[in-house]
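Enquirer: Once you've had a glance at the structure underneath, I'll fire off some questions.
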Amino acid sequence: MLLNSGNTIGFSNKAFLRHHMGCLLHRLGALLPRWLHGSDLVRECRELEQRCWRELGYSQQPVFGGDLPPFLIADADGHSADLSNPTDPADLADLMAALVPSPLPASSIAGMNLSALNRLLPLSLFEFQWLLWSYCIQRFGSAILPKIPLRDQQHGCEVLALLSEMPVDAVRDAVASRRMHMWGLLDGMGSDGAMPSTLSGWLLATDQFADWIEQPYDSDTDLLIALCQAQVSLPASR
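Heads up: the sequence shown begins at -11 in our numbering, then just goes up one per residue.
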């Protein structure tokens, strides 16, 4: 898994991000057969297996049939490319559920700031998890997530509840309050309160939040000032 290029966050922050992004991808991999079926499930499992090949213990990233154009399947000497067979989705789900994430650093600026924000606002257990995952995805890029369509807001709440292993009522309350979006922490919600139609749209931290949560602050007061300044800069339509 690679972070978006151009980021200047410190080593400990990168380790913090990799740990939590790994936890999320492992959980998603374990749950994909419950949300997707047929060719959609096969496609997303293939991509997830290729994305997490190091964590799965492969010696190199697998190349599956159909990944290469015909002229690359055999070299000039007629030797066939080393193609792999995708793991069955049910077996991959079991493998992903058993994976151990990368080590969590003893401390990181982003981790300390998120904990302080959690204490000061305060956030619910689900809101904290929602914000943490959204921050990770903002830095890795939403393309890292499997494409999971959401039928409506109720379905979205059910998916996030299962993903976070929290009561669906806690998710509904967090979504209905809109405060995570009004504070400028999360993006994606429309002015009418409508949520996006894909999971990646629900897990979308704002650029400004990701930037200021990675900065060192001398005190909790300075952290709250940064939050207030971010709110002031929000579009009037929020």
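By construction, the Cβ of each residue, glycine as well, lies at the ideal position given by its N, Cα and C atoms. These numbers were taken from a predicted model, which means no experiment stands behind them.
State the Cα-Cα distance for the pair LEU207 and SER112, rounded to the nearest angstrom.
Expert: Per the sequence shown, the amino acid found at residue 207 is Ser instead of Leu. Each residue's Cα considered, the two are about 22 Å apart.
Enquirer: Are the CB atoms of PHE4 and GLY99 nearer to each other than 7 Å?
Expert: Yes, the Cβ-Cβ distance between PHE4 and GLY99 is below 7 Å.
Enquirer: Which of the three DSSP states is assigned to LEU12 in this structure?
Expert: Of the three classes helix, strand and coil, the one that applies to LEU12 here is helix, per DSSP.
Enquirer: Does DSSP put ALA299 in a helix, a strand or coil?
Expert: There is simply no residue 299 to check, as the chain begins at -11 and stops at 226 in what is shown.
Enquirer: Nearest by alpha-carbon distance to ALA131: which of ASP199, LEU191, TYR205 is it?
Expert: Nearest option by C-alpha distance: LEU191.
Enquirer: Between SER122, GLN141, LEU44, which has its C-alpha nearest VAL163's C-alpha?
Expert: VAL163 has its Cα closest to that of GLN141, out of SER122, GLN141, LEU44.
Enquirer: With which residues is SER72 paired in a DSSP beta bridge?
Expert: Answer by DSSP bridge pairing, in chain order: PHE52.
Enquirer: Taking contact to mean 3 or more Cβ pairs, one atom from each stretch, closer than 8 Å, check whether the region 141 to 154 and the region 174 to 189 are in contact.
Expert: Yes: the two stretches touch, three or more of their Cβ pairs being nearer than 8 Å.
Enquirer: Taking three-plus beta-carbon pairs below 8 Å as touching, is the region 152 to 169 in contact with the region 30 to 48?
Expert: The answer is no - the region 30 to 48 does not touch the region 152 to 169, with fewer than three Cβ pairs under 8 Å.
Enquirer: Taking DSSP as the reference, what is the three-state secondary structure of ALA86?
Expert: Helix.
Enquirer: Report the rounded CA-to-CA distance for ARG127 versus PRO89, giving the unit in angstroms.
Expert: Their backbone Cα atoms lie some 18 Å apart in a straight line.
Enquirer: Cβ of MET177 within 7 Å of Cβ of MET170?
Expert: Their beta carbons are not under 7 Å apart, which means MET177 does not touch MET170 by this criterion.
Enquirer: Relative to the alpha-carbon of LEU16, which residue among PRO134, ASP180, PHE114 has its alpha-carbon at the smallest distance?
Expert: Among PRO134, ASP180, PHE114, the Cα nearest to that of LEU16 belongs to PRO134.
Enquirer: DSSP three-state label for PHE59, please.
Expert: Caution applies to PHE59, whose pLDDT of 48 falls short of 50 and renders its modelled position unreliable; the value that the coordinates give is listed next. Reduced to three states, the DSSP call for PHE59 is helix.
Enquirer: What would DSSP say about GLY(-2), mapped onto helix, strand or coil?
Expert: Coil.
Enquirer: Taking its Cβ as the centre, do 16 or more other Cβ atoms sit within 10 Å of PHE(-1), making it buried, or is it exposed?
Expert: Flag for PHE(-1) reads exposed.
Enquirer: Closer than 6 Å by C-beta to ALA85: which residues in its own chain qualify, once you throw out the five before and the five after it? Chain order, please.
Expert: ALA18, listed in sequence order.
Enquirer: What does DSSP give as the partner residues of ALA193 in its beta bridges?
Expert: Paired residues: LEU174.
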